[in-house]
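All residue numbers for the sequence shown refer to our numbering, where the first residue is 501 and numbers rise by one.
Every residue gets a Cβ at the ideal spot worked out from N, C-alpha and C, and that includes glycine.
Here the structure comes first, spelled out in C-alpha cells, and everything after it is commentary.
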Amino acid sequence: MNKFIIFLFLLPLAIISFGASANAGLPMIMLTVPVYSISLLPIIAIEAIYLRKSLDLTKALSVKMAFVSNLVSTIIGVPLTWVTLVLIQVLTGGGAAYGVDTFVGKMLAVTWQAPWLIPYESDLHWMILFAGLFLLIPFYFVSWWSEFLVSKKILADTALSSNNIKIKVRNANLITYSLLAFWPIGWYVVGYVLK
C-alpha cells in the first residue's frame, strides 16, 4: 500500500519530465492535470455524499450532479483559469526571472509567477509546494462557480433555491479543495524524504 501511495505522488512528476527543458520553467498545469485526474473520482464521491445529505437528494441525482459539474470544472474551468493566469503573468512582466534572494522575490515567484514557475532549479522543491497551494485559490473559485451553474441547471426541476444550491456547492468544494492541498504538501514531503 505504501508503494502505491508513493507511486501516486510521483506519477505526475514522471509525466512532466518527458517534455522538460532546462530553461523553459515549469507550467504548473503539467502538475495540476494529472493530480486533478487522479483525484476526480474521490472528489466526485465526496461531493456526491455531501450534496446528497445537505440538499436531501437521491443518490442518483447527487452522483449525476457531482459527476457532470466536476467534469466541467476539471476539463474546462481549471485549464481556462490557468491560461488566463499565464496571460496575466506574461502581460504584466511575470515571465522574467527576478530572483528569489529576498522574501518579496520568493513571494512573487510563487504567487504572481505561480502559473508558470521560473526555472530556479535549486528552489523548485519549495516553489512547487507554495505555487500549488496558491493556485488552489483561483481554481477553487472557478470550480465553485462553474459547478454551481451546472448544478443549478441539473436541479432546475426541484424546489431548491438557487442560493441554497450555491452555498452547498461552495461547501462541497471547500471540503474537496482542502483535501487537494495534500498533493503539493505530499510532493514536498516525498521530495524531502527521497533527497
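For the pair residue 581 and residue 639, the CB atoms are nearer than the 8 Å cut-off. The Cβ atoms of residue 649 and residue 681 do not sit closer than 8 Å to each other. Taking one beta carbon from each stretch, the segment 667-678 and the segment 550-561 have 3 or more pairs nearer than 8 Å; the two touch. Taking a cut-off of 8 Å for Cβ pairs, the segment 607-617 and the segment 587-596 touch, as three or more such pairs fall below it.
Secondary structure at residue 617: strand, using DSSP grouped into helix, strand and coil. A contact is defined here as three or more CB-CB pairs under 8 Å, and the segment 643-661 meets this definition with respect to the segment 555-567.
Burial check for residue 685: the Cβ neighbour count within 10 Å stays below 16, so the residue is exposed.
Residue 695: not part of any alpha helix (DSSP H); DSSP gives it neither H nor E.
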